[in-house]
């Protein structure tokens, strides 16, 4: 017997021409859609690059100043400067705060959902996590601007409620669902025989988690964290509304900052199309594109590492 | 059981462990309970915000919430009135982006799950899908601006904004359709192939009918995602204000700019002075309510599907 496989589409004599033609057309459409993701990713890069190119190759673009200067004065009359270090610092700072809050809770919740609760509770928790992930970013931004900022002013010494801590809290809440769901997948992928072996040796559940499951699911948990980072770095509306608008290197949790994403959202509307300022915003778009690409690629490699095992 | 206990053996009572407790064993039980409690608290701290946020928003929005709020247009420089133009605008954007993204996404998933072999080229496709999902929404906005608004000369319009949304939400459909397709057992396909069906006949006759609900779930999730996004439409077609008749059903053309709920919430909170306090809250509730409702229906569909699964 040969291995099962589909009949080749032209192999059966007597099939009506139309049915054959329709099938060929459909398969062409499927193949075309199949490569659409590649086409779109390339298109995104191409069109952003196209808008950025005139300023990139104009000779006025200084890569070192762009990456390492803290002076971002796009609309200054006398001294226009495009340095993104403060914006990058804002992105890194907010993401760091978010991860410090989200990683322990996210991984802890993943462990609880995967190891400690019964099937009924697991189901309801997963639904809550899914709903949490569905809350639109502008609603998070609104919550940050109204609720969290008010709390911030009354309970801390912050002069204004919109700052790095506020942005970090909101981003943490936004990236926790993805950390939980990917982390739970990673723990689920650990074979049950590991658990049985550990329990048979008399390990407590705590020892099981810390000494067996976490090392065994290391790559998957890393991927969960990286995808959380990717979400935090790329988030726009929530940080735009939560972090205040100061372009500066943050010195403390309560400083206002501006991130790369929020900067584009805040200034794109004011920059006349085709102006150097407008094109520089596309250059920061390339920067963001590359940044998130690297983070997502790393997460994918980590997940692939799990599968190979 | 009523068996008499043989003399000599210690009597056992229900619930009492068969062995004498050691201090080690007691410590172990305590540790178990402590570990469980720690992880439970972490989980609850994550669940609490959802409940707290929804309750707070609804309480604050209560004075303004009514059917009238949904059907009315914003009045007096957007400080009072309703959200109708934004609500319809969101529906426009969602429906058009869905019409573009659903066929491409489903077919792409069919390709990845049914046609693709494990080659480097198909790994690149999977990577592209992951990357497309990871591109920040504001970068999608830049792309939409460069490609649809300027290069394709759509201008700032419903068409440009919906296409941007469609590309952004494509990975959602691809991922969940792929999952639905791969849940159809291989034996179904093999049975169909063995009676002489071609690959496409198998897909149309066996694979797709058996994964309809799963695909539908993915499409519903796309709707919820598209409805909530702000950044991609901000610079491609959504505007601060557009005059629309109260309750008008089809107020926009494809080349018009439109309002959208998410954008409207952003504008109300950051750009419009002296808004009646309950109005932004009510807008947030309408947006959040629609999104969560759509998501809940996807979850309901999935649970229903799982309960009647035949294999």
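Protein chains in written order, with my numbering: chain A, 1 to 309; chain B, 1 to 311. Backbone N, C-alpha and C fix where the C-beta goes; we use that ideal spot for every residue, glycine too.
Interface residues of chain B around residue i at Cβ under 7 Å?
i                     : result
residue 292 (chain A) : 134, 135, 136
residue 26 (chain A)  : 200
residue 23 (chain A)  : 198, 200
residue 112 (chain A) : 39, 40, 42, 43
residue 130 (chain A) : 295, 299
Using a cut-off of 9 Å between C-beta atoms, extract the partners of residue i located in chain A.
i                     : result
residue 20 (chain B)  : Residues of chain A passing the Cβ test: none, with the nearest at roughly 16 Å.
residue 228 (chain B) : 134, 135, 136, 137, 138, 139
residue 62 (chain B)  : Residues of chain A passing the Cβ test: none, with the nearest at roughly 15 Å.
residue 193 (chain B) : 4, 5, 6, 7
Does DSSP classify residue i as helix, strand or coil?
i                     : result
residue 260 (chain B) : coil
residue 74 (chain B)  : strand
residue 308 (chain B) : coil
residue 253 (chain B) : coil
residue 81 (chain A)  : strand
residue 141 (chain A) : helix
residue 169 (chain B) : helix
residue 294 (chain A) : helix
residue 59 (chain A)  : coil
residue 155 (chain B) : coil
residue 300 (chain B) : helix
residue 164 (chain B) : helix
residue 118 (chain A) : coil
residue 25 (chain B)  : helix
residue 95 (chain A)  : helix
residue 81 (chain B)  : strand
residue 289 (chain A) : helix
residue 156 (chain A) : coil
residue 325 (chain B) : No answer is possible for residue 325 (chain B): it lies beyond the span of chain B, which begins at 1 and ends at 311.
residue 146 (chain A) : helix
residue 90 (chain B)  : helix
residue 7 (chain A)   : strand
Which residues in the same chain have their Cβ closer than 7 Å to the Cβ of residue i, if we skip the five residues on either side of it in sequence?
i                     : result
residue 242 (chain B) : 85, 257, 258, 259
residue 56 (chain A)  : 283
residue 354 (chain B) : Chain B is shown only over 1 to 311; residue 354 (chain B) falls outside these bounds and no answer can be derived.
residue 310 (chain A) : In the structure as shown, chain A starts at 1 and stops at 309, and residue 310 (chain A) therefore has no counterpart that could be examined.
residue 280 (chain A) : 55, 74, 82
residue 81 (chain B)  : 72, 73, 74, 75
residue 252 (chain B) : 89, 92, 158, 258
residue 122 (chain A) : 113
Given residue i, which residues of its chain have a CB within under 6 Å of its CB, disregarding the five upstream and five downstream residues?
i                     : result
residue 125 (chain A) : 113
residue 232 (chain A) : 95, 98, 171, 175
residue 227 (chain A) : 178, 182, 299
Can you list, in chain order, the residues of its chain with a C-beta nearer than 8 Å to that of residue i? Leave out the 5 residues immediately preceding and following it.
i                     : result
residue 266 (chain A) : 240, 245, 258
residue 151 (chain A) : 161
residue 278 (chain A) : 51, 268, 271, 272
So with CB distances below 8 Å, who are the chain A contacts of residue i?
i                     : result
residue 125 (chain B) : 34, 35, 37, 38
residue 197 (chain B) : 6, 7
residue 86 (chain B)  : Result: empty, since nearest Cβ-Cβ is about 12 Å, beyond 8 Å.
Using a threshold of 7 Å, is the CB atom of residue i nearer than that to any non-hydrogen atom of the ligand NAD?
i                     : result
residue 129 (chain B) : Absence of the ligand NAD from the depicted structure is noted, as is the absence of any ligand whatsoever, leaving it without description.
Interface residues of chain A around residue i at Cβ under 7 Å?
i                     : result
residue 130 (chain B) : 296, 300
residue 284 (chain B) : 139, 142
residue 74 (chain B)  : Neighbours of residue 74 (chain B) on chain A: none; closest Cβ ~17 Å, over 7 Å.
Which chain B residues are close to residue i, counting only those with a beta carbon under 9 Å from its beta carbon?
i                     : result
residue 217 (chain A) : Chain B residues near residue 217 (chain A): none, gap ~15 Å exceeds 9 Å.
residue 234 (chain A) : 134, 135, 136, 137, 138, 139
residue 267 (chain A) : Simply none; closest approach about 11 Å.
What are the complete alpha helix (DSSP H) segments, minimum 4 residues, inside the stretch 170 to 204 of chain A?
192 to 200
Of the residues that make up the stretch 153 to 186 of chain B, which ones have a beta carbon closer than 8 Å to any beta carbon in chain A?
167, 170, 171, 174
Taking a cut of 8 Å between CB atoms, which residues from the stretch 31 to 57 of chain B lie near chain A?
31, 32, 34, 35, 36, 38, 39, 40, 42, 43, 45, 46, 47, 49, 50, 53, 56, 57
Along the stretch 91 to 120 of chain B, where does the CB come closer than 9 Å to a CB of chain A? Name the residues.
103, 104, 105, 106, 107, 108, 109, 110, 111, 112, 114, 115, 116
Got a sec: which bits of the stretch 269 to 298 of chain A sit with their beta carbon under 8 Å from any beta carbon on chain B, in order along the chain?
269, 273, 281, 282, 285, 288, 289, 292, 293, 295, 296, 297
At which residue ranges does the stretch 212 to 285 of chain A contain complete alpha helix (DSSP H) runs of 4 or more residues, listed in the order of the chain?
218 to 234, 237 to 242, 260 to 267
For the stretch 251 to 270 of chain B, which residues have a beta carbon sitting closer than 7 Å to at least one beta carbon of chain A?
262, 265, 266, 269, 270
What are the start and end residues of each continuous alpha helix (DSSP H) run of 4 or more residues lying completely inside the stretch 181 to 266 of chain B, in chain order?
186 to 194, 199 to 202, 212 to 228, 231 to 234
Members of the stretch 138 to 152 of chain B that neighbour chain A once the beta carbon cut-off is set at 8 Å:
138, 139, 140, 141, 142, 143, 145, 146, 147, 150, 151
For the stretch 26 to 52 of chain A, list every residue whose C-beta sits within 7 Å of some C-beta in chain B, in sequence order.
26, 27, 29, 30, 31, 33, 34, 35, 36, 37, 38, 40, 41, 43, 44, 47, 48, 50, 51
Chain-ordered residues of the stretch 199 to 225 of chain B with a beta carbon less than 9 Å from chain A
199, 200, 201, 202, 203, 204, 221, 224, 225
Between the stretch 234 to 252 of chain B and chain A, which residues of the former have a C-beta closer than 8 Å to a C-beta of the latter?
234, 235
In chain order, which alpha helix (DSSP H) runs of at least 4 residues are fully inside the stretch 121 to 150 of chain B?
137 to 144
Along the stretch 286 to 301 of chain B, what residues have a CB closer than 9 Å to any CB found in chain A?
287, 288, 291, 292, 294, 295, 296, 298, 299
Quick one, which residues of the stretch 233 to 253 of chain A are near chain B if we go by CB-CB under 9 Å, in chain order?
233, 234, 235, 236, 237, 240, 241
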